[in-house]
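Position 39 (the sequence shown) corresponds to 40 in my numbering; numbering is contiguous. Worksheet: one structure, shown below.
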Amino acid sequence: MAKAKKAPELKFDTGLKRIPITFIDREEQDFISFNPTDMNLPIRLKKAEANINQRLEDYKDIEFKPDGTPEDEKYIDAFEEMTKIVSDEIDRAFNGHVSDSVFKHCNPLSIVNEKYYVMTFIEQIGEVIEYYVREETETGAKKANENMNKYLDKYGKRIGK
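Pasting the structure below:
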């Protein structure tokens with residue numbers, strides 16, 4: 002009896018990186034995974050930041066009681082909705098559920114060190130993205146051109162020469 006042939010598969014490495022998150026005051030570490038060199042990530046992140054800032058403007062005049070709840074109880078539901086919107090915007094930017102890890106110990110709208118926690122995350126993740134993009138462009142572009150040239154040699158055209 003003839004052995005059945007296995008159908009060919011497509012296999013790709015999409016550049017996914019596992020990035021550690023350290024919660025200093027909890028002495029705990031978690032991870033988020035995303036492709037920091039996804040060329041659309043900075044665009045999605047800028048849109049998310051703009052959308053979040055726009056929505057935060059709607060809530061800038063809310064006054065809070067000493068216990069942290071809004072003075073006017075009609076804002077409680079709005080605050081919960083805003084928290085979900087922020088998490089959804091961040092997840093959309095990263096094409097995954099990074100908000101589950103990032104905001105598991107602190108609400109994204111909490112003010113920590115005079116900034117909204119979500120904005121601190123956006124600033125710090127920007128540095129991570131820049132690091133990987135710089136690393137990839139310094140080494141990856143040259144290697145990618147070399148690989149492409151292997152395929153283009155037979156057509157008489159080369160990249161970067």
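Note that beta-carbon positions come from the ideal geometry of N, C-alpha and C, so glycine has one too. Everything numeric in this text was worked out from a predicted model, so none of it was measured.
| query | result |
| --- | --- |
| Minimum C-alpha distance to D26 - residue among N150, L153, N114 | N114 |
| Coil, strand or helix - F80 by DSSP | helix |
| Residues bridged to I20 (per DSSP) | I33 |
| Coil, strand or helix - F65 by DSSP | strand |
| Buried versus exposed call for D154 [16 or more other C-beta atoms within 10 Å across all chains shown] | exposed |
| Cβ-Cβ distance between P37 and K18 below 9 Å | yes |
| The segment 122–141 in contact with the segment 69–81 per 3-pair CB rule at 8 Å | no |
| Separation of P21 from D31, as counted between CA atoms | 6 Å |
| Backbone secondary structure at P43 - three-state DSSP | helix |
| Below-9 Å beta-carbon distance, I77 vs any chain B residue | Protein chain content of the structure displayed is limited to a single chain, and chain B is not contained in it. |
| Cα-Cα separation between K6 and D14, rounded to whole angstroms | 25 Å |
| Cβ neighbour criterion (16 or more within 10 Å) applied to S34 | exposed |
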